[in-house]
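Heads up, the sequence shown is in my numbering, so the first residue is 425 and it goes up one at a time.
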Amino acid sequence: MNLGPIDSSRVPRFAGPATFARLPRLDQVERADVAVVGVPFDTGVSYRPGARFGPAAVREASRLLRPYHPGLDVSPFERVQVADAGDIAVNPFDIGAAIETIEGAADDLDARLVTIGGDHTIALPLLRSAARKHGPVALVHFDAHLDTWDTYFGAEYTHGTPFRRAAEEGILDTEALSHVGIRGSLYGKKDLEEDRRLGFGIVTAADVLRRGLDEVIGLLRQRVGDRPLYLSIDIDVLDPAHAPGTGTPEAGGLTSRELLEILRGLAGLNLIGADVVEVAPAYDHAEITSIAASHVAYDLVSLLALQEKT
């Protein structure tokens with residue numbers, strides 16, 4: 425029998441330790457099928473810092489989550505053992521050392537991971553670890569930005585470059601790469617041309633609006649097929665009205681409802697891991713961003729739970 429969250433009919437949601445969804449810690453269970461882990465790191469940001477406080481904010485916002493997901497018809501914490509693995513303690517002064525630490529910790533965690541960032545730099549070591557276990561992975565990347573730039577100020581490892589590095593390292597399946605929610609200004613048309621050469625297809629925020637959720641979901645499912653799939657979600661894929669607490673906000677984004685419905689439409693694919701990044705709570709006045717991110721993380725846990733055989 426799985427150890428689930430603290431019973432909110434006995435202990436009020438605003439009391440007790442703030443693990444994700446009030447779940448047990450990893451050291452309180454014999455094993456975990458799915459682990460939620462934080463990476464409080466934002467040394468790779470190019471504009472507003474603060475995502476190092478994202479994991480704590482998302483955990484706090486997750487206190488309201490309940491054990492049954494009606495949208496996916498699953499009780500994830502009953503179906504599989506889910507635990508909070510705490511935070512990966514990374515060097516805030518050395519990006520290279522931080523990447524190495526994250527990669528090693530992900531290798532050591534014997535569970536499917538839902539990782540809460542932190543800035544998007546952390547996706548690279550997480551993808552390295554996933555590819556070591558599953559081979560080159562399909563990627564669906566939700567973001568306002570491409571994150572396939574080559575360098576920033578000569579630096580190869582930043583929150584704007586993880587998927588360029590991942591493609592160069594051969595850890596992505598170049599037949600199954602998609603961006604969703606892209607919008608805003610670019611440095612030039614060459615950004616799109618270079619991104620296309622890496623193998624990415626783009627579903628813009630305008631495409632979601634004009635083509636509709638069902639068509640977008642169908643396109644993504646067709647592109648991914650039965651490949652091992654990693655989902656990487658920058659919370660700035662949402663419009664600033666839905667996620668003001670982030671480092672590089674862009675107008676014209678998805679609603680939280682659209683993002684959650686697209687995620688639910690991916691049920692049944694071979695999901696092997698996921699992250700939610702770039703929550704910077706200091707720029708938010710009412711936990712809007714961390715509430716959205718906590719629900720995204722809950723949907724990711726639920727998608728992973730649906731895959732496990734009972």
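Where a beta carbon is used, it is the ideal one built from N, C-alpha and C, also for glycine.
query, result
"Is it buried or exposed, Ser609, if we count other Cβ atoms within 10 angstroms and call 16 or more buried?", "exposed"
"Please report the distance separating the alpha-carbon of Leu600 from that of Ser433.", "One point to set straight first is that residue 600 is Ala, not Leu, in the sequence displayed. Spanning the two alpha carbons is a distance of roughly 44 Å."
"Under the three-state reduction of DSSP, which class applies to Leu637: helix, strand or coil?", "helix"
"Measure the C-alpha to C-alpha separation of Arg483 and Ala445 and round it to an integer number of angstroms.", "7 Å"
"Measuring alpha carbon to alpha carbon, tell me which of Pro705, Val460 and Ala509 ends up nearest Asp466.", "Pro705"
"Is the stretch 559-567 close to the stretch 469-486, with three or more CB pairs under 8 Å?", "no"
"Beta carbon of Asp708, beta carbon of Gly669: below 7 Å?", "yes"
"May I ask you to list the residues that DSSP assigns as paired with Gly697?", "Tyr654"
"Would Asp457 pass as a contact of Glu732 if the rule is Cβ separation under 7 Å?", "yes"
"Which word fits Ala665, buried or exposed, when buried means at least 16 other C-beta atoms lie within 10 angstroms of its C-beta?", "exposed"
"Can you grab the Cα-Cα spacing for the pair Val471 / Asp658, in whole Å?", "According to the sequence as given, residue 471 is Tyr; it is not Val. The alpha-carbon atoms of Tyr471 and Asp658 are separated by roughly 15 Å."
"Going by DSSP, what residue range makes up the beta strand (DSSP E) through Val453?", "That residue, Val453, is in no beta strand (DSSP E); it is neither H nor E in DSSP."
"Between Arg588 and Ala568, what straight-line distance do the alpha-carbon atoms span, to the nearest angstrom?", "16 Å"
"Measuring CA to CA, which of Pro429, Ser656 and Val720 is closest to Thr545?", "Ser656"
"From what residue to what residue does the beta strand (DSSP E) around Phe501 run?", "Note, Phe501: premise wrong, no beta strand (DSSP E); alpha helix (DSSP H) at Pro500 to Arg503."
"Bridge partners of Ser602, per DSSP?", "Val564 and Gly625"
"Going straight from the alpha carbon of Thr494 to that of Tyr581, what length do you get?", "Just to set this straight, residue 494 is Pro in the shown sequence, not Thr. The straight-line gap from Cα to Cα measures roughly 40 Å."
"Please identify the residue among Glu682, Gly623, Gly468 and Phe566 whose C-alpha is closest to the C-alpha of Thr579.", "Per the sequence presented here, residue 579 reads as Ala, with Thr not at that position. Selected option, being the one with the closest Cα: Gly468."
"Quick one: is Tyr492 buried, meaning 16 or more other Cβ sit within 10 Å of its Cβ, or exposed?", "exposed"
"Buried or exposed for Asp663, going by 16 or more other Cβ atoms inside 10 Å?", "buried"
"With a CB to CB cut of under 6 Å and the five nearest residues on each side skipped, what residues in its chain are close to Leu427?", "Pro448 and Val453"
"Give the DSSP bridge partners of Ile540, in chain order.", "Gly462 and Val700"
"Need the endpoints of the beta strand (DSSP E) that Gly478 sits in, please.", "Segment Gly478 to Ala485 is the alpha helix (DSSP H) holding Gly478; no beta strand (DSSP E) there."
"Expressed to the nearest angstrom, what Euclidean distance is found between the alpha-carbon atoms of Leu570 and Ile595?", "17 Å"
"With DSSP as the reference, label Leu427 as helix, strand or coil.", "coil"
"Would Ala475 and Asp518 qualify as a contact pair, given that the criterion is a beta-carbon distance under 7 Å?", "no"
"Which residue marks the beginning of the beta strand (DSSP E) containing Ala509, and which one marks its end?", "Val506 to Asp511"
"Rounded to whole angstroms, what is the Cα-Cα separation between Pro464 and Ala439?", "23 Å"
"Under 8 Å Cβ to Cβ from Leu644, same chain only, skipping five residues before and after it: list those, please.", "Val564, Ser602, Val604, Val627, Ile686, Gly689 and Leu690"
"Expressed to the nearest angstrom, what Euclidean distance is found between the alpha-carbon atoms of Arg490 and Arg536?", "21 Å"
"What's the gap between the Cα of Val378 and the Cα of Leu488?", "Any question about residue 378 goes unanswered here, given that the chain covers just 425 to 734."
"Whole angstroms is fine: what's the gap from Ala459's alpha carbon to Leu683's?", "22 Å"
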